[in-house]
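Residue numbering for the sequence shown follows full-length UniProt numbering, starting at 1 and increasing by one per position.
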Amino acid sequence: MKNWIKYILASFLLLAAFPLSALAADSESAVLTVDKNDVGISLDIPEGKTETITSLRLQLLVSANSGSMGMPSFKFEDSIKSLIKDADITKTSNGSYQVDLILSGKDNQEIFVNSEYAKLGTLSVQPTSKEYQIKVEIIGDMDSSDEPVVRYVDGSGLSAMTVPLSTSPVLVQSQPEAPEGLDFEQKPVLETAVKAGARRIRFKWSKIIGAEGYVLYEYNTKTKKYKGIKTISDPSVNYYAKNFGYATTHSFKVRAYKKAANGSKAYGKFSDVKKVTLPPASTKKFIAKYQNTSKVTLVWKKVSKAKGYQIFRSQTKRGKYKLIKTIKKGSATTCLNIRQANGKTAYYKIRAYITDSNGKRIYGKLSGARIARPRSPRLRASVNAGNVTLNWNKVPRADGYYVYRCKKNSEKFVLIKTITGSSNTTYTETPPQGSGFRYKVRAFERLKKGTNLSGYPRIAEVSIGN
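Here is the structure:
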């Protein structure tokens, strides 16, 4: 081993003599990814760590469960800019190989550069037999739970920590001979489709001659691996559908398989990757109300992950809706000052949008149509000499008001008075016998067909002495 490597190792041992900070293991805080005879080695930044990490030590063991192998090799990623990069590989007494990875850099040579994830490099195993199974696992010092650990040092060189790694060993193994009939040179063509505003992805792929089934895979951004999400064991079926979360992005691929004589599965080529971004959810609690005689205010509930909203309008409920406003702010929940001429009826719809990795907008489903309504009156009630007087504010564009009453302990309101004229905002009555009553007032606007009602205001309650 080179002298400077020994020096770095001595530094780790020296730091080990001082109290080390030990962090809890994240799920899969190290990632081993198999691609034929190569194993990619990656690490996630320790949870809660904010200091610059410039040095680390990670140890691997490569052993043959079956077959034979030669000495493996390791190549660091070009993105790793550490001053010292060394992979010391030694053969053990039982024929396995121990790989000791050392990275050490200056305080400006951070390993996790603007990222929570770093790919260290690729380990290439060297099988020397036709059939083989080679295991690659993380070894080295163990924590109290018998989990292997990785040692980190920060940019100051004075602070060290150990992080337990829960990563399972991976197997590099020979592929069974291709069963007769399966065309391993042909790869399926994967297609995806999503209905407008929906979160269900429909998959379809071309059939492969000789296949006995297919496996659909999805990329897991946490483990950085593709994982099978559906196995289709009927070769005549080349489609599938599944619901996913709104406003999420997924990557998929599919491949065929056929069972070999020994019962294992032999797989064909993967399809090209299909990336799908799903639309945001539909906009909820959408209402339109008159701001004044010539303007409308729209209110809605914020849609998760939205980048903005589009507002549409039509003069009839089932007519053609025209885009009138785009709001480029995902946190917006109101839109003011939309012009609507006095005496004109209008219906509104809204939808949220997000953007995919290429900046293309993905739109959610349009909301239901909402007619612009008069605002709800603010009601006050008073009692004088057994008479109840109701007062409320003048409502823009109202042609009149409906007054409702019910007994104190009842929810059954009855229309007791229709008042015409938007400026008539008071009503007095001598109520029937009883100790208490509740009142509501609702504004109305006359339309060509029917009336346009406001929502109910808060209830005004009065008590009357016997």
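By construction, the Cβ of each residue, glycine as well, lies at the ideal position given by its N, Cα and C atoms. The structure displayed is predicted, hence computed values, not measured ones.
Leaving out five residues before and five after residue i in sequence, what residues of the same chain have Cβ atoms less than 7 angstroms from its Cβ?
i: residue 519; result: Nothing about residue 519 can be read from this structure; the chain reaches only from 1 to 466.
i: L61; result: S96, Q98, E137, I139
i: A398; result: P374, S422, A443, F444, E445
i: S331; result: K302
i: N342; result: T293, S294, R397
i: S308; result: With the sequence shown as reference, residue 308 is identified as Gly, and Ser is not the correct amino acid for it. The answer, listed in chain order, is T326, I327, K328, K329, G330, Y353.
May I have the straight-line CA-CA distance separating residue i from residue j, to the nearest angstrom?
i: T389; j: K449; result: 32 angstroms
i: S435; j: I464; result: 5 angstroms
i: A22; j: A352; result: A caution first: A22 carries a pLDDT of 46, below 50, which makes its placement in the model unreliable, though a value can still be read off. Distance between the alpha carbons of A22 and A352: 45 angstroms.
i: T426; j: P396; result: 16 angstroms
i: K317; j: L278; result: 28 angstroms
i: A198; j: I362; result: 11 angstroms
i: A346; j: I324; result: 12 angstroms
i: I111; j: P280; result: 36 angstroms
i: K225; j: Y219; result: 6 angstroms
i: residue 474; j: Q310; result: No statement about residue 474 is possible, as the shown extent of the chain runs from 1 to 466 and does not include it.
i: D141; j: A266; result: 38 angstroms
i: G319; j: A372; result: 15 angstroms
i: V170; j: I229; result: 20 angstroms
i: K322; j: S79; result: 50 angstroms
Taking the continuous beta strand (DSSP E) assigned at residue i, which residues delimit it?
i: G210; result: No beta strand (DSSP E) contains G210, which DSSP labels as neither H nor E.
i: Q126; result: 117 to 127
i: Y401; result: 400 to 407
i: N108; result: From DSSP, N108 is part of no beta strand (DSSP E); its letter is neither H nor E.
i: A306; result: Here A306 belongs to no beta strand (DSSP E), and DSSP marks it neither H nor E.
i: I134; result: 133 to 139
i: V299; result: 295 to 299
i: G436; result: 436 to 446
i: K322; result: 322 to 327
i: T451; result: 451 to 453
Measuring alpha carbon to alpha carbon, tell me which residue in the options is nearest residue i.
i: S42; options: K407, G105, S423, L123; result: L123
i: R370; options: I287, Y267, P279, V254; result: I287
i: Q175; options: N220, T192, P169, P127; result: P127
i: K407; options: Y439, G228, E110; result: Y439
i: Q173; options: S68, L216, L447; result: S68
i: Y456; options: Y404, E429, N409; result: Y404
i: K204; options: T430, K253, L171; result: K253
i: L415; options: V441, K130, K91; result: V441
i: E461; options: K242, Y402, S410, A211; result: S410
i: K187; options: A211, R202, N243; result: A211
i: Y240; options: R202, D234, T249, K135; result: R202
Ordered along the chain, which non-local residues of its own chain (more than five positions away) have a Cβ less than 8 angstroms from that of residue i?
i: I89; result: M71, P72, S73, F74, Y97, Q98, V99, D100
i: K295; result: L336, N337, I338, R339, Q340
Keeping to the same chain, check which residues put their C-beta closer than 6 angstroms to that of residue i; ignore five residues upstream and five downstream.
i: K207; result: N238
i: A247; result: P280, K305, I354
i: D38; result: T122, S124
i: F76; result: K85, G121
i: Y7; result: The predicted model places Y7 with a pLDDT of 44, which falls under 50 and marks its position as unreliable; any figure quoted below should be read in that light. No residues qualify anywhere along the chain.
Just checking residue i against the ligand MN - is the residue's beta carbon closer than 7 angstroms to any of the ligand's heavy atoms?
i: N292; result: Of the ligands one can find in the structure shown there are none, so the ligand MN has no counterpart to examine.
Legend entry - Those runs of the alpha helix (DSSP H) which lie wholly inside the stretch 200 to 283 and span at least 4 residues: none
Legend entry - Ordered list of beta strand (DSSP E) runs contained in the stretch 44 to 103, each at least 3 residues: As far as the stretch 44 to 103 is concerned, its whole beta strand (DSSP E) runs of at least 3 residues are 53 to 66, 69 to 76, 84 to 91.
Legend entry - Contiguous beta strand (DSSP E) assignments of at least 3 residues, all confined to the stretch 356 to 416: 361 to 363, 379 to 384, 387 to 392, 400 to 407
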